[in-house]
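**Student:** Under my numbering, the first residue of the sequence shown carries the number 153, and numbering increases by one thereafter.
Beta carbons: idealized from backbone N, C-alpha and C, even for Gly.
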Amino acid sequence: MSRTLWRRVFVSLFLVGLVVWGVIDWAKNNEVQASAVMSSMFFWIDKDNDNNSSEPVLLTGPDAEQIKSTLKVGELAPDFSLKNADGETVRLSDYRGKPVLLNFWASWCEPCKEEMPVFQDYYESENPSVQLLTVNATTTERSKKDAVNFVRANGFTFPVVYDTKSEVIPDYRAYYLPVTFMIDADGKLTYERRGPLTEKMLTELLPTS
Numbered sequence: 153m154s155r156t157l158w159r160r161v162f163v164s165l166f167l168v169g170l171v172v173w174g175v176i177d178w179a180k181n182n183e184v185q186a187s188a189v190m191s192s193m194f195f196w197i198d199k200d201n202d203n204n205s206s207e208p209v210l211l212t213g214p215d216a217e218q219i220k221s222t223l224k225v226g227e228l229a230p231d232f233s234l235k236n237a238d239g240e241t242v243r244l245s246d247y248r249g250k251p252v253l254l255n256f257w258a259s260w261c262e263p264c265k266e267e268m269p270v271f272q273d274y275y276e277s278e279n280p281s282v283q284l285l286t287v288n289a290t291t292t293e294r295s296k297k298d299a300v301n302f303v304r305a306n307g308f309t310f311p312v313v314y315d316t317k318s319e320v321i322p323d324y325r326a327y328y329l330p331v332t333f334m335i336d337a338d339g340k341l342t343y344e345r346r347g348p349l350t351e352k353m354l355t356e357l358l359p360t361s
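In structure tokens, the structure reads:
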């Protein structure tokens, strides 16, 4: 290999190294967007357990204390305002007076994909007793468009809003995906589930009347 070619290879590798270092340094100093840039650092574990279901995805980034911290049953669910794919604003408080099943998910999350058909079937059922609202963890996606296209491609019609600035995930300690909360008609938390919901789980969770 000629000296000139070696020089070009060296310069190219040096420039690539600078770019990678710059991205990592930027991500460290921009916590809200770090998860989106470092999306390859997210992982999921699929193993046998008592429910024979997948384990939730643990988002890397939050420290151990944040991960262990959870909202308490009986606590008022944090209100939020996010937009759907059509740009319409949806507020959690708009559902006050009705119980709500609130779910956090991402399109790359395999356990999330397991439960979404369950939600769709429930949403299409007659006279659902609980309002369904799902929140996409958009900062963990390659782009919002990817998440929107995933919903449309799979024919999901239940309500979806997009947390494009990671405003809601910290409030709900939603550092595992999927995670689902049951909120009563008074806006208080009554249940939290880290991991996918099966049809049986959902049936047992929902009010009987």
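With a cut-off of 8 Å, do at least 3 Cβ pairs link the stretch 248–265 to the stretch 344–359?
**Tutor:** yes
**Student:** Among Asn-306, Glu-267 and Val-312, which one has its Cα closest to the Cα of Asn-126?
**Tutor:** Outside the shown range of the chain (153 to 361) lies residue 126, about which nothing can therefore be said.
**Student:** Let me confirm a value: Arg-346 is counted as buried when at least 16 other C-beta atoms fall within 10 Å, else exposed. Which label applies?
**Tutor:** buried
**Student:** By Cβ distance below 7 Å, which residues in the same chain neighbour Tyr-274 in space, the five residues on each side in sequence not counted?
**Tutor:** If we look at Tyr-274 and ignore the five residues flanking it on each side, its Cβ neighbours are Pro-280, Leu-284 and Leu-354.
**Student:** Buried or exposed, going by whether 16 or more other CB atoms sit within 10 Å of the CB of Ser-259?
**Tutor:** buried
**Student:** Alpha carbons only, please: which of Cys-261, Val-303 and Glu-319 is nearest the one belonging to Asp-238?
**Tutor:** Val-303
**Student:** From which residue to which residue does the beta strand (DSSP E) around Leu-234 run?
**Tutor:** 233–235
**Student:** So who's on the other strand from Lys-297, going by DSSP bridges?
**Tutor:** In DSSP, Lys-297 forms no bridge with anything.
**Student:** I believe Ala-337 touches Tyr-314 by the beta-carbon criterion, under 8 Å. Please report the beta-carbon distance rounded to the nearest angstrom.
**Tutor:** About 26 Å; that fails the 8 Å criterion.
**Student:** Please classify Tyr-274: does DSSP put it in a helix, a strand, or coil?
**Tutor:** helix
**Student:** Using 8 Å for Cβ pairs, my map puts Leu-223 next to Leu-341. What's the rounded Cβ distance?
**Tutor:** Correct: roughly 5 Å between the Cβ atoms.
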